[in-house]
Amino acid sequence: MEGKMKTAVMLGIGKMGYEERQIPRPKEDQVLVKLEYVGICGSDLHYYESGAIGNYVVKPPFVLGHEPGGTVVEVGKNVSHLKVGDRVALEPGKTCGHCEFCKTGRYNLCPDVQFFATPPVDGVFQEYVAHEEELCFKLPENVSTLEGALIEPLAVGFHAAMQGGARAGQTAVVMGAGCIGLVTMMALKAMGVSKVYVVDIMEKRLEKAMELGADGVINGSRTDTVEEVMRLTEGKGCDLAVETAGTEITTVQTIHMTKKGSNIVLVGYSKSGEMTLPMSLVLDKELTFKTVFRYRHIYPMAIDAVASGKVNLKGIVTNIFGLSEVQKAMDYSVHNKGEVVKAVIKIDQ
C-alpha cells in the first residue's frame, strides 16, 4: 500500500504533535495492519512525564503506544496463516530467536528484544504498522479490535497468575486496582481461583474491581489491609498475593497477609527501585517471591479467555480519545489518575 499516514509523536516532555510518515511496506513474513485502537499504558505516561524509564531515554520525535489492535490490509509473500480482512491483536516485542532465553522458551527475557515504544524503537500511535505474522494473533468473531488492543495488558495479568501458581481453591489478594491489577484479578478468576480480593486507596478503582468480578475490595486508606485480609480468611491468611502497585508499603503488607509457604508475585515497579522488607518474617514463613517481566506464550490463552466470556476487557476502559486528541489524551490521563482506569486511543478513520 502506497501513501502517507498520520503519526502522533512525542516532541518533548509533556508535548505531543504529529508527523506525516510513509505507510510501511510489509516484509515477506510480515502483515500490514490498519490500526484501530491502541491502549495508553503507564509506561507511555511515564515517558511522557519524565522522558525516560531507567536507561531507556526518549529522543524526540518519538512514537508512544504498544497495545495495538487492528485489521490486516496487506500480507507479505511468505505469510500463510493470516489474510486481508483478519482482525488481529499484536504482540509488541520482536525477539532474536537465537539467545539462550529464546531457545528455552523464555523469550520475554531476550536481551535483544525490539519492543514497541521502548526507545529507540517507535511505538504505534499511528494509522498503520508492519509486523511479523507470528506476532499477530487472529481474533475470533466475538472479540473486537478494542479488546484486541487490551490483550497486551491482560497477558501481563495471566503471566502474573501463572507465575504465582494460581489454582482452584485458593484465596488471592491483588494489591492495586489500576489496569494491571484489574486484569490480574480477572486472570486469577479465569484460572479458577476461588476468591480474589482487591486492595487500593482510590474508591472509583475499587468500584470498578467489584463491577468486574472481585469477591471483595479493601480501601487501604480507611482500613488496616492486613487485619482485613486476616478477617476475611478466618485468621489463616491468603494463599497468593500479587503486588501491582509498586510501593514498599503494599509489598510489606503482602508478606504479613500470606500463609506460610505461599507465593508472592511482584509486578509493580517501585519509583526508587529499592525496598526495605522484613526478611526475617519472609524466612520464617518460607515465602517464595516470583517476579514478572512482560509475558511469554500468553496471547492465545488470553484471547480465548475473552472470547469465552471469562474476562470482560471492555469493562476496564474508562476513556476513549481520537488520534487527533492525543495531547488531550495524555494530559487527561496524567492529571486524572484517580479517575482513569484505562484510556485508549481510537485511530481516526
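Using the working numbering, read the sequence shown as starting at 89 and increasing by one per residue. Glycine residues also receive a C-beta, built at the ideal position from the N, C-alpha and C atoms.
Residue of LYS171, GLN118, HIS385 and VAL126 minimising C-alpha distance to LYS430: Numbered from its first residue, the sequence shown carries residue 430 at position 342. With distances taken between CA atoms, LYS430 lies nearest to VAL126 out of LYS171, GLN118, HIS385 and VAL126.
Since ALA297 and LEU276 should fall inside the 8 Å C-beta cutoff, what is the C-beta to C-beta distance between them, to a whole number of angstroms? Indexing the sequence shown from 1 puts residue 297 at position 209. Indexing the sequence shown from 1 puts residue 276 at position 188. About 12 Å separates the two Cβ atoms, so there is no contact after all.
Within a Cβ cutoff of 6 Å, which residues of the same chain sit near ASP174, ignoring the five residues on either side of it in sequence? By 1-based counting over the sequence shown, the position of residue 174 is 86. Same-chain partners within the cutoff: VAL160 and LYS226.
For ARG255, which residues from the same chain have a beta carbon less than 8 Å from its beta carbon, with the 5 sequence-adjacent residues on both sides left out? As a position in the sequence shown, residue 255 is number 167, starting the count at 1. Only MET279, GLY280 and VAL281 meet the Cβ criterion.
Thinking C-alpha only, which one of GLU316, ALA237 and THR95 is nearest ILE404? For the purposes of this step, residue 404 is taken as the residue at position 316 of the sequence shown. Ranking the options by Cα distance to ILE404, first place goes to ALA237.
Mind checking ILE391: buried by the 16 CB within 10 Å criterion, or exposed? The residue you call residue 391 lines up with position 303 of the sequence shown. Around the Cβ of ILE391, a 10 Å sphere holds 16 or more other Cβ atoms; the residue is buried.
According to DSSP, which residues form a beta bridge with HIS219? Numbered from its first residue, the sequence shown carries residue 219 at position 131. Looking at the DSSP output, HIS219 sits in a beta bridge with VAL119.
Whole angstroms is fine: what's the gap from LYS378's alpha carbon to THR364's? Here the question's residue 378 lines up with position 290 in the sequence shown. Here the question's residue 364 lines up with position 276 in the sequence shown. Each residue's Cα considered, the two are about 17 Å apart.
Of all the options GLY334, ALA333, LEU371 and ILE408, which has the alpha carbon lying nearest to the alpha carbon of HIS344? By 1-based counting over the sequence shown, the position of residue 344 is 256. When the alpha-carbon of HIS344 is set against those of GLY334, ALA333, LEU371 and ILE408, the nearest one is in LEU371.
For the region 286-319, which segments carrying the beta strand (DSSP E) assignment without a break, of at least 3 residues, lie completely within its bounds, in sequence order? As far as the region 286-319 is concerned, its whole beta strand (DSSP E) runs of at least 3 residues are 304-307.
Could you check which residue in HIS186, ASP312 and PRO207 has the C-alpha nearest to that of ALA140? Locating residue 140 in the sequence shown gives position 52, counting from the first residue. Taking ALA140 as reference, the option from HIS186, ASP312 and PRO207 with the minimal CA-CA separation is PRO207.
How should GLY410 be labelled, buried or exposed, when 16 other C-beta atoms within 10 angstroms of its C-beta is the threshold for buried? Position 322 of the sequence shown holds residue 410. By the Cβ neighbour-count rule, GLY410 is exposed, with fewer than 16 other Cβ atoms within 10 Å of its own.
Nearest-angstrom Cα separation, counted from GLU124 out to THR233: The residue labelled residue 233 in the question sits at position 145 within the sequence shown. The residue labelled residue 124 in the question sits at position 36 within the sequence shown. Going by the C-alpha atoms only, they are around 7 Å apart.
Length at least 4, wholly inside the region 127-211: the alpha helix (DSSP H) runs in chain order: Fully enclosed alpha helix (DSSP H) runs of 4 or longer: 130-138 and 188-191.
Report the rounded CA-to-CA distance for LYS171 versus THR376, giving the unit in angstroms. Against the sequence shown, residue 171 aligns to sequence position 83. Against the sequence shown, residue 376 aligns to sequence position 288. Going by the C-alpha atoms only, they are around 45 Å apart.
Ignore the nearest five residues each way along the sequence and tell me which others in ARG113's own chain have a CB closer than 7 Å to its CB. Along the sequence shown, one-based indexing puts residue 113 at 25. For ARG113, where only same-chain residues beyond five positions count, the Cβ hits under 7 Å are ALA218.
I believe ILE111 touches TYR216 by the beta-carbon criterion, under 8 Å. Please report the beta-carbon distance rounded to the nearest angstrom. Position 23 of the sequence shown holds residue 111. Position 128 of the sequence shown holds residue 216. ILE111 to TYR216, Cβ: 5 Å. Contact.
In the DSSP assignment, find the alpha helix (DSSP H) that holds GLY269 and state where it starts and stops. As a working note, residue 269 is residue 181 in the sequence shown. Segment 267-278, the alpha helix (DSSP H) holding GLY269.
What are the boundary residues of the beta strand (DSSP E) that includes VAL422? The count along the sequence shown starts at 1 and reaches residue 422 at position 334. Careful: VAL422 lies outside any beta strand (DSSP E), inside the alpha helix (DSSP H) at 414-423.
List the whole-angstrom C-beta distance separating CYS326 from LYS348, where the pair is believed to meet the contact cut-off of C-beta under 8 Å. In the sequence shown, counting from the first residue as 1, residue 326 sits at position 238. In the sequence shown, counting from the first residue as 1, residue 348 sits at position 260. Rounded, the Cβ-Cβ distance is 12 Å, inconsistent with contact.
LYS359 by DSSP, collapsed to three states: which one? Reading the sequence shown from its first residue, position 271 is the one you call residue 359. In this structure, DSSP gives LYS359 a state outside helix and strand, which the three-state scheme calls coil.
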